[in-house]
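All remarks here apply to the structure that follows.
In the numbering used here, the protein residues as written are 1142 to 1372.
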C-alpha cells in the first residue's frame, strides 16, 4: 500500500511559500506532510548538538540516515509540530543561521543519498504532500501532481523579513536580499540535485498571489488532474 499512496510535490526556492502551501494542502486533503527542507535543517541542528563538523560528510550522512524526525499536524491549529529525537524544535530550525547551514549540508551528495530513502518512507496512505527543492525531480519522480512555486527575490526577502519581525526576531532587509540571492545561486548551481522544476511540473509565480489564492490554485489543480481519476 505504501508504494501506491498518491504524492503531491511542491518545490521552489526559499521564500516562495511552498512550506505554508504544503501544510494547508495537506490539511485540506487529510494527507501526511513531508517538509524536506526541514530535514536538512534538522541534520544541521542535530549535527551542532552532537558536535558533528559540517565539513565531515561521512559523519553527517551517518547521522542523516538514522534521523529521528516526525511532522505533526495537530487539529485546531495551523502550525506544524516538528520533533527531532522526540523533542519539538520550534523556531530553532527556522533561524537564518540554521538555514544557511542547511543549504551547505544539502549540497553534500552523501547526505542527500542518506536522506533519500528516509524521505520516501513518508509515503503512506491516504497520501503525502511533500515540499522541498527536488521532491518532483529526484525523491518522487512518479508523483501524481508536481507544483513548482516561485517569486521574485525582492518579494521573498520581504516575506521573510515580515515573518521574522512578527516573531520578534531582528532582521535586516538588505541582508535578507543578499542571503536569499546567494542561497538561490548555491541551490541552482550545485552539481547534486540542482533546484529546477520537473519537466512535468506546473510552475506558479506567487509574487502577486495571496496565500489563499495560491492554496486554492493548488487544490483546484489536484482536483482537476488527479481526483477525478481516482473516483
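Every residue, glycine too, gets a C-beta built ideally from N, C-alpha and C.
DSSP places residue 1323 in the uninterrupted alpha helix (DSSP H) bounded by 1314 to 1330. One Cα belongs to residue 1326, the other to residue 1228, and the distance between them is close to 33 Å. Closest option to residue 1157, judged by alpha-carbon separation, among 1289, 1335, 1316: 1289. Residue state for residue 1288 is assigned as strand, using DSSP reduced to three classes. With contacts defined as CB atoms closer than 8 Å, residue 1148 and residue 1285 qualify as a contacting pair. When the beta-carbon positions are compared, residue 1273 and residue 1146 stay at least 8 Å from each other.
Under DSSP, residue 1273 forms a beta bridge with 1152. Assigned with DSSP and collapsed to three states, residue 1343 falls in strand.
Runs of the beta strand (DSSP E) lying entirely within the region 1150 to 1238 and spanning at least 3 residues, in chain order: 1173 to 1176, 1210 to 1213, 1222 to 1225. Straight-line measurement puts the Cα of residue 1186 at about 27 Å from the Cα of residue 1292. Contact check between the region 1313 to 1331 and the region 1178 to 1192: fewer than three CB pairs, one atom from each, fall below 8 Å, which does not count as touching. Assignment of residue 1349 by DSSP, reduced to helix, strand and coil, places it in the coil class. Rounded to the nearest whole angstrom, the CA to CA distance from residue 1311 to residue 1343 is 35 Å. For residue 1336, there is no enclosing alpha helix (DSSP H), as DSSP gives it neither H nor E. Separation of residue 1258 and residue 1190 (C-alpha to C-alpha, rounded to the nearest whole angstrom) is 24 Å. For residue 1252, the enclosing alpha helix (DSSP H) has its first and last residue at 1250 to 1261. Counting along the chain, the unbroken alpha helix (DSSP H) around residue 1306 starts and ends at 1294 to 1307.
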